[in-house]
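Peer 1: If you read the protein sequences in the order shown, they are chains A and B. Last residue of the first sequence: 186 in our numbering, with the numbers rising by one and none dropped. Last residue of the second sequence: 880 in our numbering, with the numbers rising by one and none dropped. All C-beta atoms in this analysis are idealised placements derived from N, C-alpha and C, irrespective of residue type, glycine included. First, the structure itself, so that you have it in front of you.
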Amino acid sequence: MRGGVGLCDVSWLAKIDLKGFGLKAAPSLGPSADCWHLGACHYLATFDPEARGAVLRSIQALTGAAPELDLPPPVYATEVTSVYAALLLAGPKSRHTLRKLTSLNVSESALPDGACGQAGLAHVHTLVLRRDLGGLPAFLLLVGREYAESVWEAIAHAGQEFHLTPFGLEAWRLLSL
Amino acid sequence: MSRFFFDGEPIEAQPGDTVASALYRAGRRIFTRSFKYHRPRGLLCLSGHCPNCMMNVDGVPNVRACVTPAREGMRVRHQNAWPSLEQDWLSAAQHFDSLMPVGWYYKTLTHPSAWHVAEPWIRKVAGLGDPPPPDAPPREYEHAFLQAEVAVVGGGPSGIAAAFEAASGGAQVILIDDQPEPGGHLRYTRPGEAPASIAQLRGQPNVELLARAYCFGLYEGGLLGVLQADPHPGAHERLVHLRAKRVVVATGAYEVPLLFENNDLPGILLSGGARRLLFLHRIVPGRRCVIVGIGARAEDLASDLRGAGIEIVSLISPDEVLGAVGSTRVEGLRFRGGSVTCDLIVVCGPLLPDAGLLSQAGARLAWSAAHGAFLPADLPPHVTAVGRVTGSGLEPAVPLPPGEVRAGKRHFVCLCSDVTSQDLVDGISEGFEHIETLKRYTTATMGPCQGRMCQLPAIGICARETGRTMGETGTTTARPPSPSVTLGALAGPRHHPVRRTPMHYQHEALGAVWLDMGAWKRPRYYRTAESSEERRCVQGEYQAVRERAGMIDVSTLGKLEVRGRDAGRLLDKVYTNRFSDLRPGRVRYCVICDDAGIMLDDGTISSIADDHYFLTTTTGNLEFVEQWLEWWLAGTGWDVHITNLTGGLAAVNLAGPQARDVLAGLTGLDVSAKAFPYMACRQALVADIPAILLRIGFVGETGWEIHVPAESGEDLWKALLEAGKAFGIRAFGVEAQRLLRLEKQHVIVGVDTDALTSPYEADMAWVVKLEKNDFIGKAALSRAAGDPREQLVGFVMQEDGVPDDGSAVVMDGRPAGRVTSSRFSPREGRAIGLAWVPAGLAGEGAEIRVRVQGRPLLARVTRRPFYDPEGARLRM
Ligand code: FES
């Protein structure tokens, strides 16, 4: 896949949805979590489940409002790990594969590393999170879990011309080094 | 060297050959038969612009052979001729042309009986090509979405220059070229002199070249529709949606034929066609050639053809030509003052700017007498045009003054539909003077060439006959797609999203027969070892629920979390029921109505905490409810946050007299009626899985809806099956559920209700709390609370027969209502159902008649549920 494109099921990634009027800027959740800006006062944190304790503590610190002020809590956190299946599409041809599936502009300038967008992908609403993997362009695709199999098939089909290979946790670890 | 088959016969093809060039090399001169008269037609333009080489390639009709690369094993068939192109019996049609004057079908087939006689025959001979048979192997089409700062349409010298310039400035450029190689007309007018910029362009990293791709539409917002042939071995065609900030149109010019008698004979080539044969395919198109043309272009052509060893018999000016001689191929040319014999006539036709795309994009086409052509003007701001499409570099037109265009019965203006200059003159004399009405009446410009070959002469004739100028006459409208696009390419890949519940493969293992609900797959019923017959399986599932315990996967329900200080306030506003007073741990049934009091959806709302609610919606309405809530929330500034949890939760409805025993074995929670009453909700571990339990009952038995994280859905399912074994538990499907709920007269919104139903009419007045502060639909519902004109009621058939859903309720032999759902109830021993009836017939015990297989059968209205009308079993 270093020459083409690979697809990895990373649905085990922990995901927490953060909403609330207190979220005027990206909350800092420590080095182990990525915070994706999905909309006004709306973020999504993704992180390795091993870091759950630390991340939850940071979130906890955000959710408590100053009790003396009669204000709503600044942040509501909802566990959405099971809501989304996460597919990681990585490799030099990942962009070429995505272009066959979504009208979202995934070019380097429109969606640089760390940027995200939402669009239909193979007719399924998808969060497209750009998260490069050890120097390789890579996209984390979050779809409703119930669509996962069908979207996996569509991506695998679109990637055929680039010899798309599924890859597992070991390869993922090697690549993220 | 490769080999393909034409009408079953093997044909050798050289590298670089198209289907047409290989066939030409093999000696074929007739490529098609014309649409109406079945006249023989041969290669003309060799650039995909005319209708003369359309064939069936591997089952796909109307493929232009001259731009289709020959490939090993291809199966090519002729079209529109029987039995063969050489001997087409239908060509007899040309001897009856006097019976088919212009617009003949408008004139002769007006009487219905005439049409009935003619229709089968017309169907047989009319139309172009045959669609692939239904059993033809499917083809792969794909879509792609590209973005560019600059899109250049056309890979000729000006397009290349424009792309190079933009790319040098650092812009991201996509160059679209319909040829296999860039170079445009230089490839066949000055072969071997390809501009150096082509190589430079290929070296630019910010330029993407789409070869063998054509732009068929220039839409608003800088969207270009592009069709690319054979993008890779796995796909037949790729439809590209290209968004560009700037569009440079460099589509160049194309050549059109001249008008003279028999101008359609095989052996008459346009100069571009002859050059392409010679320089792109190394084919010498004839031995004795007459060139029709004047000036430098004709002289150059003559010297190039001579260079290939062709004898140029004569070079004749277009206005001297009278007609070609021959029956199935050219044998000579008559001109003023004489005639010659020849086997090839090459016509230097007028070169016209290919401005269709510009015109689609909103440009005006202005007549230029100097060019003898319509030139694009007033381009939209993001579109520019360069090169020959602007008229630049085109020599002054071959003089074609309108006065000299001759009318004749064998002077073909429109090759696609066999319209002659005489037909146009006749059409105009019959009153169709406007170019647009003339087009519709004669069908000129309406064929597969989309007016490319015939528009100019048609306008010329129209102008002359009506005494107007070309500019006054104007052009017909350019619309996308041009050129045409296959429907398969527009439809795109054959991928339909499928939603599977977490227990999908458990159902499969249990023998589920699937039901598609939107994109969801749900078990309709389960086959058993004893039977796979639907009725028996459903009956078994039904009995398990009524007598023991049953479980159904309800993960497809929409699930929303609504949180925030003002959550109750929003729910009070959007739902007809009251929720702000719902205590944590309680569940309430809910209905959404719109401003007009129409029921839009129903579901349940559970209070988890004062600022935390858990909503379920019907399977198909999740997206709608989510948007509806967001819509009414927008701009309020309320502290409410909605999160869709649908895919994240697996849900099972466990129901039946022994459901409690099954559940008690799996959880430490006290599930007694006292501790966990009807319409309560709790959070607890079930089979060691964290779960939300709602005590509700759609099917009318003691039951729980158990929600767990999706990844634990299978475990929960298996644990319930295992724990329920001792009690005879059965998994049940949607069909049994529908029957069970019908016995309870539970309404399914969208099935039993329609776009006009209020809760009052659906007999659900109890869900509306008119005493509540304002809520959506309150005003309309206050008015409707009186007496509805129609009523949804239950009924029991009094005679044998199960009405289909949608059957009519009849009164005095006239339809007066309709059945929305009906099933055979094992309990009643007859069919029961829900039906809309006029208010006058809605009383308890009223007799109605329901049409079952054409016969009005007696049924009795009942407003009380058939099963457990007091709901005692639900509360047990
Ligand atoms: S000869 Fe093929 S389209 Fe004209």
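Looking only at DSSP bridge pairs, what is TYR593(B) linked to?
Peer 2: THR608(B)
Peer 1: Taking only three categories from DSSP, how would you classify ASP71(B)?
Peer 2: The sequence as given places Val at residue 71(B); Asp does not occur at that position. Looking at VAL71(B) - three-state DSSP - the assignment turns out to be helix.
Peer 1: Let's test the definition: count the other Cβ atoms within 10 Å of the Cβ of PHE9(B) and tell me whether it reaches 16, buried, or not, exposed.
Peer 2: exposed
Peer 1: Report whether the distance from the Cβ of GLY52(B) to the nearest heavy atom of ligand 1 is below 7 angstroms.
Peer 2: yes
Peer 1: The alpha helix (DSSP H) spanning ILE439(B) covers which residue range?
Peer 2: It spans 439-446 - the alpha helix (DSSP H) in which ILE439(B) sits, taken as one unbroken run.
Peer 1: Among the residues of its own chain, which have a CB less than 7 angstroms from the CB of TRP524(B), if the five just before and after it don't count?
Peer 2: ARG503, THR560 and THR623
Peer 1: How is the alpha helix (DSSP H) around ILE710(B) delimited, first residue to last?
Peer 2: Premise fails: ILE710(B) lies in the beta strand (DSSP E), 707-713, not in any alpha helix (DSSP H).
Peer 1: Report the rounded CA-to-CA distance for PRO385(B) versus PHE220(B), giving the unit in angstroms.
Peer 2: 20 angstroms
Peer 1: Tell me which residue opens and which closes the beta strand (DSSP E) that CYS44(A) is part of.
Peer 2: 42-48
Peer 1: Within the continuous alpha helix (DSSP H) that includes THR560(B), where are the two ends?
Peer 2: Note, THR560(B): premise wrong, no alpha helix (DSSP H); not H, not E.
Peer 1: For the region 140-154 of chain B, enumerate the residues whose C-beta is nearer than 7 angstroms to any C-beta of chain A, in chain order.
Peer 2: GLU146, HIS147, ALA148, PHE149, LEU150 and GLN151
Peer 1: Hey, out of PRO713(B), ASP614(B) and TYR871(B), whose CA is closest to GLY572(B)'s CA?
Peer 2: ASP614(B)
Peer 1: Taking buried to mean at least 16 other C-beta atoms within 10 Å of its own C-beta, is TYR509(B) buried or exposed?
Peer 2: exposed
Peer 1: Using a C-beta to C-beta distance shorter than 7 angstroms, which residues of chain A count as neighbours of HIS645(B)?
Peer 2: Contacts between HIS645(B) and chain A, judged by CB atoms closer than 7 angstroms, involve LYS28, GLY29 and TYR85 in chain order.
Peer 1: So is ARG745(B) buried or exposed if we call it buried at 16+ other beta carbons inside 10 Å?
Peer 2: buried
Peer 1: Can you tell me which of PHE702(B), ALA691(B) and PHE731(B) puts its alpha carbon nearest to the alpha carbon of GLU718(B)?
Peer 2: ALA691(B)
Peer 1: Exposed or buried, which one is PRO357(B) when buried takes at least 16 other CB atoms within 10 Å?
Peer 2: That one is buried.
Peer 1: Determine whether the beta carbon atoms of ARG108(A) and PHE149(B) lie at a separation below 8 angstroms.
Peer 2: yes
Peer 1: Spatial neighbours of LEU282(B) within its chain, please: CB distance less than 8 angstroms, with the 5 preceding and 5 following residues excluded, ordered by chain position.
Peer 2: TYR192, VAL288, PRO289, ASP308, LEU309 and ALA312
Peer 1: Counting only beta-carbon atoms, is LEU22(A) nearer than 8 angstroms to chain B?
Peer 2: Cβ-Cβ to chain B under 8 angstroms: no for LEU22(A).
Peer 1: Would ASP804(B) be called buried (16 or more neighbouring beta carbons within 10 Å of its own) or exposed?
Peer 2: Classification for ASP804(B): exposed.
Peer 1: What is the DSSP secondary structure of ASP139(B), counted as helix, strand or coil?
Peer 2: In the structure shown, ASP139(B) sits in coil (DSSP, three-state: anything other than H, G, I, E or B).
Peer 1: In the DSSP assignment, what residue or residues form a beta bridge with TRP524(B)?
Peer 2: ARG503(B) and MET521(B)
Peer 1: Just to confirm, does ASN56(B) get its C-beta within under 7 angstroms of one of the non-hydrogen atoms of ligand 1?
Peer 2: Under cutoff, so the answer is yes.
Peer 1: Quick check on this structure: which residue in LEU284(B), LEU190(B), ASP62(B) and PRO792(B) has the alpha carbon closest to the alpha carbon of ASP21(B)?
Peer 2: LEU284(B)
Peer 1: Are the C-beta atoms of GLY190(A) and some chain B residue less than 8 angstroms apart?
Peer 2: No information on residue 190(A) is available, as it lies outside the stretch 10 to 186 that chain A covers here.
Peer 1: Specify, as a first and last residue, the run of the alpha helix (DSSP H) that LEU670(B) falls within.
Peer 2: No alpha helix (DSSP H) contains LEU670(B), which DSSP labels as neither H nor E.
Peer 1: Can you name the residues that DSSP bridges to ALA148(B)?
Peer 2: VAL244(B)
Peer 1: Determine which residues of the region 122-145 of chain A have a Cβ less than 8 angstroms from any Cβ of chain B, and write them out in chain order.
Peer 2: ALA131, HIS132 and VAL133
Peer 1: Got a sec: does ligand 1 put a non-hydrogen atom nearer than 7 angstroms to the Cβ of LEU48(B)?
Peer 2: In this structure, ligand 1 has a non-hydrogen atom nearer than 7 angstroms to the beta-carbon of LEU48(B).
Peer 1: Which value, in whole angstroms, describes the spacing of the CA atoms of ASP520(B) and MET507(B)?
Peer 2: 15 angstroms
Peer 1: Is the number of C-beta pairs between the region 11-25 of chain B and the region 230-237 of chain B that are closer than 8 angstroms three or more?
Peer 2: The region 11-25 of chain B vs the region 230-237 of chain B: no contact.
Peer 1: Since PRO694(B) meets chain A, which of its residues come closer than 7 angstroms, beta carbon to beta carbon?
Peer 2: Per Cβ cutoff of 7 angstroms: no residues; PRO694(B) is ~10 angstroms from chain A at best.
Peer 1: Using a Cβ-Cβ cut-off of 8 angstroms, state whether VAL865(B) counts as contacting chain A.
Peer 2: no
Peer 1: With 8 angstroms as the threshold, decide whether the Cβ of PRO588(B) is near any Cβ in chain A.
Peer 2: no
Peer 1: Taking its Cβ as the centre, do 16 or more other Cβ atoms sit within 10 Å of ALA835(B), making it buried, or is it exposed?
Peer 2: buried
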